[in-house]
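In the UniProt record's numbering, the protein residues as written are 1 to 439. Cβ coordinates follow ideal geometry from the N, Cα and C atoms, glycine included.
Listed below in structure tokens is the structure:
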């Protein structure tokens, strides 16, 4: 290549070359690092008397006088080579030099250093081992798994760090990766320093390190997650067994009131198959009643976690159109958010199914409670400020509605049909709900 061709090539590259006289004044220059001779002159001036010192030292010691160093100029880093004499080699005094812009390489090194810092303190455990099982590098998360520090791991062997029962497995995995040259994703078991078992999931893959092929691995410890998952699965199995085999009617409802899970006994009460209940709104199986407004209010308190439990009673409607009243215990299922993940509904007591009854008046409910408490007609009439004729009318109407010919039958039917609360004394109406405990 001619000198002209070489000069044209250098004009397109991030380099600068120059020839300067003994006073370091540029007499010839080129390259693409600087756009004008004035900038090139300032660059040479920034080098100071280095070139003269090199030339004088070389003359005294019989060396070539070549000086190599790195210099920052204008926010960039240059690799500079300067030497005595002109490029033409005509013997005239002066100095020549070549500067290569290596700023991009420096940025690359800084990026690699930043990545190294990131890897050192990443929460995932990572390591590099050579083919002989010697640790070349390990981060803090990996050392933490073994209760030590990275400095104690690096340089040691896998036989020194890992439990004896794990070494053979790890060495086999290393050999598989080195022989195949392909990464492997898997879940492995290991033993912690205290002897307890651990589980980790991640990748093991080949890397080039120090001129040799090594094995690198990066893993996330899932021991606690696996244990929590196992406990949750066991709890769900226990709950499933309880709901299926205890005979207790119960259902898990979503915050929106849809049926997620339901026991066979609850499905039997509703006379609907279990699969046909899943996903359906639970309110479809509630009979119209005056106390539904209180139930809806209680539901909002449970879902918004203002209450943890709520006890109430409700009238249900089965597939045949019959009604039955049940005591309902609603319990919110806690979640990570402000709203409950769901609500368990348990029916510890329920009445027999019966055709729908017309709603009873407040006076009729009061008469039934006083009758069940053992009061006579005169006491009931005086308590309600009714005439005997009016009381007799109410009693006759109640016997007709409940199909009960006597006072004793009237009280019994009131309990069987769920009109009166079977777990309360003095007797009271089963209609109504109340909180059973704060959130």
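Check: Range covered by the alpha helix (DSSP H) that runs through residue 175; Outcome: 164–180
Check: Candidates 206, 365, 157, 251: closest to residue 180 by CA position; Outcome: 206
Check: Top-ranked residue by Cα proximity to residue 430, from 360, 383, 247; Outcome: 360
Check: Buried or exposed by the 16-neighbour rule on C-beta atoms within 10 Å, applied to residue 334; Outcome: exposed
Check: Where the beta strand (DSSP E) containing residue 68 begins and where it ends; Outcome: 67–73
Check: Exposure label - residue 234; buried when at least 16 CB within 10 Å; Outcome: exposed
Check: Distance CB(residue 100)-CB(residue 82) smaller than 8 Å; Outcome: no
Check: Reduced DSSP secondary structure (H/G/I, E/B, other) of residue 38; Outcome: helix
Check: Nonlocal neighbours in the same chain, by C-beta distance under 6 Å from residue 254, ignoring five residues either side; Outcome: 260, 342
Check: Residue 193 to residue 168 span [Cα, whole Å]; Outcome: 17 Å
Check: Residue span of the beta strand (DSSP E) that contains residue 253, given as start and end; Outcome: 250–253
Check: Range of the contiguous alpha helix (DSSP H) that encloses residue 151; Outcome: 150–153
Check: Contact belief for residue 218 with residue 319 at Cβ below 8 Å, rounded distance in angstroms; Outcome: In fact, because the Cβ distance is near 57 Å, the residues do not count as touching under 8 Å.
Check: Residue 278 beta carbon less than 8 Å from that of residue 303; Outcome: no
Check: DSSP-derived helix/strand/coil call for residue 418; Outcome: coil
Check: Residue 314 to residue 286 span [Cα, whole Å]; Outcome: 7 Å
Check: Contact the segment 121–136 vs the segment 146–160: 3+ CB pairs below 8 Å; Outcome: yes
Check: Opposing strand residues paired with residue 342 [DSSP bridges]; Outcome: 333
Check: Buried or exposed by the 16-neighbour rule on C-beta atoms within 10 Å, applied to residue 267; Outcome: buried
Check: Unbroken stretches of the beta strand (DSSP E), 3 residues or longer, contained in the segment 197–268; Outcome: 197–209, 212–221, 250–253, 259–262
Check: Assigned secondary structure, residue 15 (DSSP; H/G/I helix, E/B strand, else coil); Outcome: strand
Check: Three-state class that DSSP yields for residue 27 in the structure shown; Outcome: strand
Check: Nonlocal neighbours in the same chain, by C-beta distance under 8 Å from residue 321, ignoring five residues either side; Outcome: 355, 356
Check: Touch test, the segment 364–371 against the segment 339–353, Cβ-Cβ under 8 Å, three pairs minimum; Outcome: no
Check: Of the residues 327, 141, 190, the one placed nearest residue 117, counting alpha carbons only; Outcome: 141
Check: Sequence-distant residues of its chain with Cβ nearer than 8 Å to residue 394 (five each side left out); Outcome: 363, 364, 367, 386
Check: Residue 307, enclosing beta strand (DSSP E) - first and last residue; Outcome: 307–317
Check: Member of 370, 316, 375 whose CA lies at the smallest distance from the CA of residue 347; Outcome: 316
Check: Close beta carbons around residue 443, own chain, < 8 Å, minus the five adjacent residues each side; Outcome: Since the first residue shown for the chain is 1 and the last is 439, residue 443 is missing from the structure and cannot be characterised.
Check: Buried or exposed (CB count within 10 angstroms, at least 16 for buried), residue 185; Outcome: exposed
Check: Member of 147, 131, 149, 295 whose CA lies at the smallest distance from the CA of residue 170; Outcome: 131
Check: 6 Å CB neighbourhood of residue 422 in its chain, flanking five on each side removed; Outcome: 415
Check: Pairwise C-alpha distance: residue 14 and residue 43; Outcome: 14 Å
Check: Cβ-based burial, residue 190 [other Cβ within 10 Å; buried from 16]; Outcome: buried
Check: Neighbourhood of residue 34 by C-beta, 8 Å cutoff - its chain only, sequence neighbours within 5 removed; Outcome: 16, 40, 43
Check: Exposed unless 16 or more other CB atoms sit within 10 angstroms - verdict on residue 327; Outcome: buried
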